[in-house]
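To convert, note that position 67 of the sequence shown is 312 in my numbering; the numbers rise steadily by one, no gaps.
Positions of the beta carbon are idealized from the N, C-alpha and C atoms, including for glycine.
Predicted model only: the values in this text are computed from it and were never measured.
One structure is given here, and the rest of the page talks about it.
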Amino acid sequence: MSDFLRPEVRAQLWRWREVLLAAIVTTLGLWWALGGVGITVWLGYIIVLIGVGWAVAGFQRVRFAQNGDGPGVVQIRERRLAYFGPLDGGVIDVEDLTKLELDPASYPEPSWILTGVGGQLIAIPINAKGSDGLFDVFAALPGIKTDTVLDVLSRTPNARVTLWSRSKPLLH
């Protein structure tokens, strides 16, 4: 059965799995909303809204995800981000992030540059294994615009771009 689909097709279906599942849920909700009786009509509309929201989030994840063949491994455990690479690495708590940048000129691949409270820098290649989990970390940063992150990632700028920075609290 695994030979039924070519590996490239299987990889594309796996990449778009979240959007495809959301489309199925949305279709089920539409079926209930348009053909149901009583409370199932309202339940169908609620399921349609959930499915559409899920599809939008899934589409953003597809735009963010890279091939995962880059150097190093990213792990995210309990709001702590760790990168283990062949040249460098580091660990940082998500709450300690002060700046997020994209550096297209870093070697060997374009990289996310994460700056911590103490000034430590972690450079994570955009296609490192497990880097697709960074989307949820970045989306949870206060005040970040995920559309801006996705647009910058898709057009690959010529110089380092600051995508988010924590506003510094005033002392007085």
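- Under the DSSP assignment, Leu-250 falls outside any alpha helix (DSSP H); it carries neither an H nor an E label.
- Scanning Val-297, Thr-285, Val-254, Gln-365 for the CA closest to the CA of Leu-345 turns up Gln-365.
- The beta carbon of Ile-389 sits closer than 8 Å to the beta carbons of Leu-345, Phe-383, Leu-408, Trp-409 from its chain, once the five residues preceding and following it are set aside; these are given in chain order.
- Here the stretch 297-308 does not lie against the stretch 320-340, with fewer than 3 beta-carbon pairs under 8 Å apart.
- Positions of the alpha helix (DSSP H) runs, each at least 4 residues long and wholly inside the stretch 281-318, are given as 284-309 in order along the chain.
- Where Ser-412 is concerned, there is no enclosing alpha helix (DSSP H), because DSSP gives it neither an H nor an E.
- In the structure shown, the three-state DSSP call for Thr-401 is coil.
- The beta-bridge partner set that DSSP reports for Gln-320 consists of Ala-327.
- By the beta-carbon neighbour count (other beta carbons within 10 angstroms, threshold 16), Val-362 is exposed.
- The beta-carbon separation of Val-307 and Ser-376, rounded to 14 Å, does not stay under the 8 Å limit for a contact.
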